Amino acid sequence: MHNIPAVSPAERHPDPAWRGRVTWTLLLLVVLWPMAVVSEFHPALLFDGASLAATGQFLAAFVPPAHSPEFLAMLLRETWQTVAIATAGLTLALLGALPATLVVTERLSISRLGTGRMAPLPALVRQLVRWLLVLLRSVPELVWALLFVRIIGLGPTAGVLAIALTYCGMLGKVYAEILESSERHASDTLLANGGSRLAALLYGALPESASELVSYTVYRWECAIRGSVVMGFVGAGGLGQRMDESMKMLAGGEVASMLLVFVLLVAAADVVSKQLRRRLG
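To get this note's numbering, take the position in the sequence shown, counting from 1, and add 13.
See below:
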């Protein structure tokens, strides 16, 4: 008879790494539990009798959604304004993010050619711009909107400026990271042969990273639309301001119609992103 070699319990288990997975799961629970306690997170409150009754009454008011001609005309107008706020804000953000990307992207630095290290002055300028981007994206767009509402008053201008500042910091950071992680041979060759930073970006780094850059930009446009809605609650115009008024009047049908528009806007942004990636791919 053939001797059957002994098999350890770990080898018999269908997942040899089960001990590591269980250990990391327990560690994650140990870390998250104190955070849940400090944040006073009590999901059981959602299933409380009073909470369920209030939820039922609130959702019942959603049916049917408001659909009068006057309301739909107002909804279309405010939707267009919301999209305009997001698009104008993102465009201003791009005007600041693109030059910042040229500065902070180390692979586009001419001073590092040959040595692999940037010269002290360009390195200092790069670091200053990076700190500026950190400052811009550290302040949420809602806080910027509150500040601008106090400075220039109610209206869409506050929302546009708030999106422009916050998203400039976000776009500049992520664009630089995408370019840094791409293949650098083409851009290095252009810089080594006397090409400018802009030429190295347009003809070296950009073709390879275009799909990812466009995808992230459209995603940020989608986020800007959602952000412009939220900023409307502090007086920055658009659908958010109208939704705040409808919620205060307990007009559930109007709120339901606006929520449907939010879903359609995000779905449209997703379709645009897919089409652009397909064309670039």
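Each residue gets a CB set at the ideal place from its N, CA and C atoms; glycine is no exception. Keep in mind that this is a model prediction, so the values were computed, not measured.
Exposed unless 16 or more other CB atoms sit within 10 angstroms - verdict on residue i
{"i": "S194", "result": "exposed"}
{"i": "G62", "result": "exposed"}
{"i": "E91", "result": "buried"}
{"i": "K287", "result": "exposed"}
{"i": "T295", "result": "As shown, the chain starts at 14 and ends at 294. That puts residue 295 outside it, with no answer to give."}
{"i": "T118", "result": "buried"}
{"i": "S259", "result": "buried"}
{"i": "R291", "result": "exposed"}
{"i": "A30", "result": "exposed"}
{"i": "G245", "result": "buried"}
{"i": "R139", "result": "buried"}
{"i": "L40", "result": "exposed"}
{"i": "T114", "result": "buried"}
{"i": "F161", "result": "buried"}
{"i": "T38", "result": "exposed"}
{"i": "S52", "result": "exposed"}
{"i": "M14", "result": "Confidence in M14 is poor, its pLDDT being 49 and thus under 50, which makes the residue's placement too unreliable to answer from."}
{"i": "L278", "result": "buried"}
{"i": "V116", "result": "buried"}
{"i": "G69", "result": "exposed"}
{"i": "G240", "result": "buried"}
{"i": "V276", "result": "exposed"}
{"i": "W46", "result": "exposed"}
Distance CB(residue i)-CB(residue j) smaller than 9 Å
{"i": "E154", "j": "V96", "result": "no"}
{"i": "G248", "j": "G168", "result": "yes"}
{"i": "M271", "j": "R233", "result": "no"}
{"i": "A10", "j": "A110", "result": "The requested residue 10 does not occur in the structure, where the chain is confined to residues 14 to 294."}
{"i": "A237", "j": "L103", "result": "yes"}
{"i": "A106", "j": "I176", "result": "yes"}
{"i": "V302", "j": "I98", "result": "The shown model of the chain, from 14 to 294, leaves out residue 302, and the question about it has no answer."}
{"i": "V268", "j": "A73", "result": "no"}
{"i": "A212", "j": "R120", "result": "no"}
Nearest neighbour of residue i, chosen from the options [CA to CA]
{"i": "A281", "options": "V231, L149, L174, A30", "result": "V231"}
{"i": "G250", "options": "L42, L159, E267", "result": "L159"}
{"i": "F84", "options": "L59, L107, V274, R291", "result": "V274"}
{"i": "A189", "options": "V35, T170, A99, V142", "result": "V142"}
{"i": "D283", "options": "S228, M48, W37", "result": "S228"}
{"i": "R255", "options": "M87, C181, V152", "result": "M87"}
{"i": "L149", "options": "G185, Q140, G166, A73", "result": "G185"}
{"i": "S151", "options": "S81, C181, L134", "result": "C181"}
{"i": "P220", "options": "G240, S241, L192, E235", "result": "L192"}
{"i": "V187", "options": "E225, R120, R34", "result": "E225"}
{"i": "S81", "options": "G33, G266, P56, V35", "result": "G266"}
{"i": "A101", "options": "L58, D257, E235, K261", "result": "E235"}
For residue i, the first and last residue of its enclosing alpha helix (DSSP H)
{"i": "E91", "result": "82–117"}
{"i": "M183", "result": "169–194"}
{"i": "D257", "result": "252–261"}
{"i": "R143", "result": "133–151"}
{"i": "F161", "result": "154–165"}
{"i": "V43", "result": "31–51"}
{"i": "V231", "result": "219–244"}
{"i": "G69", "result": "62–73"}
Chain C contact for residue i (CB, 9 Å cutoff)
{"i": "A49", "result": "You won't find chain C in this structure, because it holds only one protein chain."}
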